[in-house]
Structure formats: structure tokens, C-alpha cells
Amino acid sequence: MRTEPQPSIAVVGPGAIGTTVAAALHEVGRTPLLCGRTARSQLTLHDGDRLITVPGPVWTDPARTDRHGIDRPCDLVFLAVKATQVEAAAPWLAALSGPDTVVCVLQNGVEQLAQVAPHCPRGQFLPAVVWFPAQAQADGSVRLRGEARLSLPDGPAARVVAQALHGSRCAVDLAADFQALAWRKLLQNAVAGLMVLARRRAGMFGRDDIAALALAYLQEGLAVARAEGAALGDEVPQAILAWFQAAPADMGTSILTDREAGRPLEWDIRNGVVARRARAHGLSTPISDVLVPLLAAASDGPG
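Letter 87 of the sequence shown, counting from 1, is numbered 87 in the UniProt record's numbering, and no numbers are missing.
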């Protein structure tokens, strides 16, 4: 019986999201090439009581793809670096991508393609909405704190990703209205910015005053999303707030982790974008006007 060859897959940026996707692929026999800034012998994912180990190594030199056994472009590349790291990942994209390579961008925001395309002239770019909470641990492992799921805009490139993850722990939704999903997730990411300024985890949303502030900010963002054409209902702000309130009190978020580690923050693609798009539509954003400069200062200083 003739079998179809397995696609060649790479994960660039084996952090919390990249490790989760790499583990999902490894479990179904599609272990990806691992590419990042820090050399490691393996990746480790904790999912409840389960431990999944993805064999490495994590390669760190995109100029030496010959040493990694790469003699042609990969079929599929998962780009899982943060928006602040795209430029640094550009050599990997150049080394791994060809005209037919699908580059699935696992990043926050609604501007993934505009962020990535200038750094990689080849490949078919595909934005994604990442719905699962995964947190990096102090020992370098990753803890998955929910079911893994991606949403992609329906089309041929998305089906390449869906096939690669078929049968794995990471579900893939092919969305007819991807814009609405992307803006809904953006609103969720944006309100998490409050956690950075408070230096607190999800339990803070149990406070009545924080809940009221979060709801007002979400409603501000909803008006912008609708002006951008996202079909989102009136119930969305309350639903997002309820999600945070139902989360474990100690659950963090990637932007809070970066703040605690003193790293640059993705403040512009998660929060600044709301204010920027609002100005284009002549909308008032009084909460964003306070929140965004504080997040920018927390990220970039000076001081």
C-alpha cells in the first residue's frame, strides 16, 4: 500500500504556545523541527497529570540549515514568537520558507500578516487565533491550563494546518467569519493589560471595581471592533469578563509574565491597536487613552 509522505513541519519559537503545538504534533507522529533562540535538548509540556516530552534539539542557527537536515523549504511553519520578536525570527523564516510554504502565525492581535510579511517575502501567510492558556514555568517547561484549540480563516492554507494537527490534542476550527473571532480574542487580550498595571493574576477580576473597569474597557473595544466590521454581539464584554472571573485565581497571561520578567511588552498589538483603529473611525476611547501610555511606559521606559 502506498502511503503519502509526511509533511515537513517546523515550529519557530518554542515558548508556551510553540511548545503546546509541538507536543500536539509529536503525539501523533509528526514531530516538528524546533527552532529558537535558546538551545535545548527537549521540550516538556504538562497537561494536568500528563507529561509530554518533545525530543529536540532546539536549533539556534538559521544559517546552518544543512546541519538540521533541511534540504528544501518546509511544507508548514508555525511562527510562535511574540510580535516583539518577529524581526529576530526573520532569518528562520527565510531559511525555512519557500513559495508554497504555509506560515501559520500564532500571535496575538489582528495585524499578524502586516507584522510578519515584511520579514518574509516568501510563503503563504495564515493568521490564527490561539484559544488555549499555556504558561511557561520557571524550569523551562510549559503548563497547559485548558483545551488546546486554534481558529483559522477557512481556505486551502488553513486546511494544510488542520491536516497536520488532525487527531492531535490541538483542535482546529475553520472559521467562515474569522474577523469576528480575531477581534473577540483581541478584546480578551486587551483587558488582560489591566493585570500588568495591577501586577495581579486573574483573581483580581473578582473585585467589583476591577470588574466594572474591565467591562467599560471591553465595551469601548467592542465599539471599535464593530467599526472595523467585526460582527460581535452586545453580550461579548460580559462573556469575556465572566471567563476571567471563572478562571483559576492564579492564572496569568503572557503579557503579565513578560512584565514580571522585565521584557518588552506586546502593548501595541494588544492595546494600542484599539486606540489607533478608534481614531481612524473618530471614536472616543477614554480608558485606552490612559491605559496605553501606562503599558507603553511599563514596556519601554524610560525610568
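We treat Cβ as the ideally placed atom computed from N, Cα and C, and that holds for glycine. Here the structure is a predicted model, which is why all the values come from computation and not from measurement.
query = Identify the residues that DSSP records as bridge partners of L126: which are they?
reply = Residue 126 sits at position 126 when you count from the first residue of the sequence shown. Beta-bridge pairing links L126 to C104.
request  = May I have the straight-line CA-CA distance separating E111 from V142, to the nearest angstrom?
outcome  = As a first step, residue 111 must be located in the sequence shown, where it is residue number 111. As a first step, residue 142 must be located in the sequence shown, where it is residue number 142. Their Cα atoms are separated by approximately 26 Å.
query = Is the CB-CB distance between R30 and P57 below 8 Å?
reply = The residue you call residue 30 lines up with position 30 of the sequence shown. The residue you call residue 57 lines up with position 57 of the sequence shown. Taking 8 Å as the Cβ cut-off, R30 and P57 do not qualify as a contacting pair.
Where M1 sits in the DSSP three-state scheme = In the sequence shown, counting from the first residue as 1, residue 1 sits at position 1. With a pLDDT of 43 at M1, under the threshold of 50, the predicted position of this residue should be treated as unreliable, and no value is reported.
query = Which same chain residues, not among the five before or five after C120, have their C-beta less than 8 Å away from its C-beta?
reply = Taking the first residue of the sequence shown as position 1, residue 120 is located at position 120. A90, L93, A94, S97 and V103.
Contacting residues, own chain, Cβ-Cβ under 7 Å from G15 (five flanking each side not counted) = Residue mapping note: residue 15 aligns to position 15 of the sequence shown, counting from 1. If we look at G15 and ignore the five residues flanking it on each side, its Cβ neighbours are A80 and A136.
Bounding residues of the beta strand (DSSP E) (the contiguous stretch that carries V172) = Within the sequence shown, the letter at position 172 stands for residue 172. Here the beta strand (DSSP E) through V172 covers C170 to A175.
query = Residues in its own chain within less than 7 Å of A22 by CB, not counting five upstream and five downstream?
reply = In the sequence shown, counting from the first residue as 1, residue 22 sits at position 22. Cβ within range, chain order: V11, P14, P32, L34, L43 and V54.
task = Run the CB neighbour count on W243, radius 10 Å, all protein chains shown included, and call it buried at 16 or more, exposed below.
result = Here the question's residue 243 lines up with position 243 in the sequence shown. The residue in question, W243, is exposed, as its Cβ has fewer than 16 Cβ neighbours within 10 Å.
query = Since F244 is in the alpha helix (DSSP H), which residue starts that stretch and which ends it?
reply = Working through the sequence shown from its first residue, we reach residue 244 at position 244. V236 to A246 is the extent of the alpha helix (DSSP H) around F244.
ask   = What residue range is occupied by the uninterrupted alpha helix (DSSP H) comprising A16?
value = Along the sequence shown, read from residue 1 onward, the residue named residue 16 stands at position 16. Note, A16: alpha helix (DSSP H), A16 to E27.
request  = Pull up the distance between the alpha-carbon of D289 and that of K82, whole angstroms please.
outcome  = Taking the sequence shown and counting its residues from 1, the one referred to as residue 289 is at position 289. Taking the sequence shown and counting its residues from 1, the one referred to as residue 82 is at position 82. Approximately 24 Å, taken between the alpha carbons.
query = Excluding five sequence neighbours on each side, which residues of the same chain lie with their C-beta closer than 7 Å to the C-beta of G221?
reply = As a first step, residue 221 must be located in the sequence shown, where it is residue number 221. Closer than 7 Å at the Cβ level, and outside the excluded window around G221, lie L187, A190 and V274.
query = Hey, G229 and Q179 are a contact pair by Cβ (cut 8 Å); roughly how many whole angstroms apart?
reply = The sequence position of residue 229 within the sequence shown is 229, counting from 1. The sequence position of residue 179 within the sequence shown is 179, counting from 1. At roughly 6 Å, the Cβ-Cβ gap stays under 8 Å, so G229 and Q179 are in contact.
task = Determine, using beta-carbon pairs with one atom in the stretch 207 to 224 and one in the stretch 253 to 264, whether at least three such pairs fall under 8 Å.
result = no
Residue environment, E147, which counts as buried when at least 16 other CB atoms sit within 10 Å = Your numbering for residue 147 matches position 147 in the sequence shown. That one is exposed.
query = In whole angstroms, what separates the C-alpha of R176 from that of A162?
reply = Against the sequence shown, residue 176 aligns to sequence position 176. Against the sequence shown, residue 162 aligns to sequence position 162. The sequence shown places Ala at residue 176, not Arg. Their Cα atoms are separated by approximately 15 Å.
message = Less than 6 Å between C-beta atoms, sequence neighbours within five positions excluded: which residues of the same chain meet that for P133?
response = Residue 133 sits at position 133 when you count from the first residue of the sequence shown. Excluding positions up to five away in sequence, the list reads R145 and G146.
query = Just the Cα atoms here: how many angstroms apart are G123 and L76?
reply = Reading the sequence shown from its first residue, position 123 is the one you call residue 123. Reading the sequence shown from its first residue, position 76 is the one you call residue 76. Rounded to whole angstroms, G123 to L76 spans 9 Å at the Cα level.
task = Specify the secondary structure class of W59 as computed by DSSP and reduced to three states.
result = Here residue 59 is taken as the residue at index 59 of the sequence shown, counted from 1. Of the three classes helix, strand and coil, the one that applies to W59 here is strand, per DSSP.
request  = Could you please give the first and the last residue of the uninterrupted alpha helix (DSSP H) stretch that includes T257?
outcome  = By 1-based counting over the sequence shown, the position of residue 257 is 257. S254 to A261 is the extent of the alpha helix (DSSP H) around T257.
For Q135, three-class secondary structure by DSSP = The sequence position of residue 135 within the sequence shown is 135, counting from 1. Q135 falls in the strand class under three-state DSSP.
inquiry  = Rounded to the nearest angstrom, what separates P127 and D139 at their Cα positions?
reply    = Within the sequence shown, the letter at position 127 stands for residue 127. Within the sequence shown, the letter at position 139 stands for residue 139. Roughly 30 Å between the two C-alpha positions.
query = Between S8, L194 and Q115, which lies nearest to V292 when the distance is taken from Cα to Cα?
reply = As a working note, residue 292 is residue 292 in the sequence shown. Among S8, L194 and Q115, the Cα nearest to that of V292 belongs to L194.
inquiry  = So, with DSSP's three-state summary, where would you put L194?
reply    = By one-based count along the sequence shown, residue 194 stands at place 194. Note: L194 maps to helix in three-state DSSP.
query = Nearest to C170 by CA position, among P7, A24, G272 and W59, is which residue?
reply = Against the sequence shown, residue 170 aligns to sequence position 170. Answer by Cα proximity: A24.
inquiry  = By the three-class DSSP mapping on this structure, what secondary structure does D300 have?
reply    = Position 300 of the sequence shown holds residue 300. In this structure, D300 counts as helix in the three-state DSSP scheme.
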